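Here the sequence shown stands for residues -23 to -1, 1 to 399, numbered as in mature numbering (1 follows the signal peptide of the UniProt record, and there is no 0).
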Amino acid sequence: MKKVMLKTTLSLAVALASTQIFASGFAINEQSISGMGTGFAGRSSSADDASTIFGNPAGMSRLKREQVTGGAALLDAHTDISHASSSPNSGSNDGDMVPFIAVPMGYYVKPIDEHWAFGVGMYAPFGLVTDYENGFAGRYFGSKSEVKIVTLQPTVSYAFNDKVSIGFGPTINRIDGTLESNLSLNPRAADGNVKIKGDDTALGYNIGILVQATDSTRVGLTYHSKVKYKLEGDTKVNYNLLGALGQNPSQKYDASLDITTPESVDFSVTHQLDDKWTLYAGSTWTRWSRLKEISVENSGVPAALNGRFGTITEEQNWHDTWAHAIGASYQLNKQWVLRTGLSVDQAPTNNENRSPRIPTGDRKIFSLGAGWSPTDDLTIDVAYSYLREESVKVNNSNGRQNYSAEYENYANGFGVGATYRF
């Protein structure tokens, strides 16, 4: 039982992956459509529009006009599941567990004077939607998840001169989610259901520095802080076999869970080769090794069930990751700029602890994009990304059920956004 419950509760805190698509672990990359076109190469050094609030808050110093940037990334993910084995031997493995979803974003920047600028952004740094088919063979280790983190970031930047600027923004982060998995205490009995709900609000920060190293080269460094959450909610168990134990078949317990989303450091370079070509490169380090284990505390559990539902712990043993990206843009004419990029991204999971909630592996991402400026005040950005992950193995057991399979994920991402300058 501990394994069954834990795989559900695990996702409430950890499987926050926006379908595990465009960033490692459970992070999301889609905070900028212009950045999406170059594979997020140069994210902390480009400062092309107001989305620099996330990429590097110091970049607001390069925006000389008040402006609003908004958009959405549309994500279409697919999974091929092969070599599946489950005990008891029942269930399907369709792999179509991720619906077509949208990740919105919005930013506002206002220059105050030649030194100061103010901005505010709202974006999603983490999130998950997975929904396996009814009768999924791995349903005891995760059947449905819907979790969101939304961040509000008021931000200021200061330019010391025309070469060096800094930026800082506190982040107000809201997490909430609902997750489900199936439950079976007896392989001869019908399945039950476990449902977890929880939420919390916590603070973090985003800080960056931007340096115009030469007339044609900028370098940027951005630090996104860790965020400590204490999720409070409830665990609902609905299973008829509990009646045989002298308990109400429907149980509800207060649940709490401490989880820390990791800090990351992004270093990027933007180099303007000539009037037409601009080159981008960048690397991001993420401290996923913070995730050693998950421990869930359920209170109000009857003594007869405390051993199964009281404290639930499972090791994760994630490791730190690196992501690298290169990209380029070509200024076709005054109205059009074309973009492309290539990214490689490590996964923090391992073969021993990987579950159907986060069946993710190392990935490669190819991106294309374009920006169209019909006037000096308006730019419309579009982007497309194709991702493919390496094949990875899932091998889970809770003492009553077993599930093993090979997962291979791929995805298409479509982005559209606009910047209006006042």
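Idealized CB from N, CA, C, for every residue including glycine. Since this is a predicted model, take the numbers as computed values, not measurements.
Through-space distance from residue j to residue i, alpha-carbon basis
i: T263; j: A18; result: 16 Å
i: D243; j: S21; result: 7 Å
i: K(-22); j: T15; result: Note on K(-22): pLDDT 42, under 50, position unreliable in the model; the coordinate value appears next. Roughly 44 Å between the two C-alpha positions.
i: D177; j: Q312; result: 44 Å
i: S368; j: I342; result: 15 Å
i: K(-17); j: G119; result: Confidence at K(-17) is low in this model, with a pLDDT of 40, below 50, so the placement of that residue should be treated as unreliable; the coordinate-derived value is given next. Distance between the alpha carbons of K(-17) and G119 is about 6 Å.
i: D73; j: P147; result: 37 Å
i: V97; j: A35; result: 13 Å
i: V45; j: A79; result: 20 Å
i: Y384; j: I184; result: 37 Å
i: F391; j: S381; result: 32 Å
i: N373; j: R331; result: 8 Å
i: F107; j: Y117; result: Sequence inspection shows Thr at residue 107; the Phe mentioned does not correspond to that position. So the two alpha carbons sit approximately 14 Å from each other.
i: E329; j: S59; result: 18 Å
i: G196; j: K253; result: Per the sequence shown, residue 196 should be read as Val rather than Gly. Between V196 and K253, the C-alpha separation is close to 20 Å.
i: T261; j: R377; result: 40 Å
i: D57; j: Y85; result: 40 Å
i: Q308; j: I236; result: 44 Å
i: V246; j: L234; result: 39 Å
i: A395; j: E91; result: 25 Å
i: E209; j: P131; result: 26 Å
i: N386; j: V278; result: 39 Å
i: G338; j: W93; result: 42 Å
i: S306; j: D358; result: 13 Å
i: I30; j: L129; result: 11 Å
i: L52; j: A280; result: 45 Å
i: L319; j: D211; result: 42 Å
i: V75; j: N111; result: 14 Å
i: K140; j: F77; result: 43 Å
i: D192; j: D251; result: 11 Å
i: D71; j: N283; result: 35 Å
i: A179; j: K87; result: 26 Å
Among the options, the one whose alpha carbon lies nearest that of residue i
i: W299; options: N275, R340 and G287; result: R340
i: K174; options: K121, V204, V196 and D192; result: K121
i: Y216; options: T317, N170 and V124; result: N170
i: Y206; options: G181, T107 and R195; result: G181
i: I335; options: R195, T290, L156 and V371; result: V371
i: Y109; options: A302, L156, A388 and D354; result: L156
i: H55; options: G48, L105 and R365; result: R365
i: R151; options: N330, G104 and S332; result: G104
i: Q249; options: G304, S260, T237 and D353; result: G304
i: Y397; options: N379, P351, Y387 and N389; result: P351
i: I149; options: N379, H201, P88 and W349; result: H201
i: L40; options: E274, N283, P81 and G144; result: G144
i: N389; options: F399, S362 and N379; result: S362
i: Y135; options: A258, G348 and N33; result: N33
i: V214; options: A179, S158, S272 and D192; result: S158
i: K172; options: D192, A179 and E123; result: E123
i: R42; options: L355, N375 and N379; result: L355
i: D353; options: F137, P88 and F399; result: F399
i: S23; options: R316, L160 and P76; result: R316
i: N379; options: A258, E274, L160 and G287; result: L160
Contact check, residue i vs residue j, beta carbons under 8 Å
i: S142; j: L187; result: yes
i: S276; j: D322; result: no
i: Q293; j: L268; result: yes
i: Q8; j: S38; result: no
i: A324; j: L345; result: no
i: V127; j: M99; result: yes
i: G83; j: K125; result: no
i: M13; j: A50; result: yes
i: S64; j: F113; result: no
i: W265; j: H301; result: no
i: P226; j: K203; result: no
i: T255; j: E270; result: no
i: I5; j: P102; result: yes
i: G348; j: V393; result: no
Sheet register partners of residue i (DSSP bridge)
i: residue 400; result: No information on residue 400 is available, as it lies outside the stretch -23 to 399 that the chain covers here.
i: residue 418; result: Nothing about residue 418 can be reported from this structure: the residues present for the chain run from -23 to 399 only.
i: H248; result: T194 and L256
i: Q130; result: G98
i: A79; result: L51
i: R398; result: Q44
i: N275; result: A232
i: W93; result: Y135
i: Y200; result: I184 and V242
i: A388; result: A54 and L364
i: N373; result: Y380
i: G144; result: S134 and G185
i: P65; result: Beta-bridge pairing links P65 to no other residue.
Sequence ranges, beta strand (DSSP E) only - wholly within the region 296 to 365, length at least 3: For the region 296 to 365, whole beta strand (DSSP E) runs of length 3 or above, ordered along the chain, are 298 to 308, 313 to 322 and 340 to 349.
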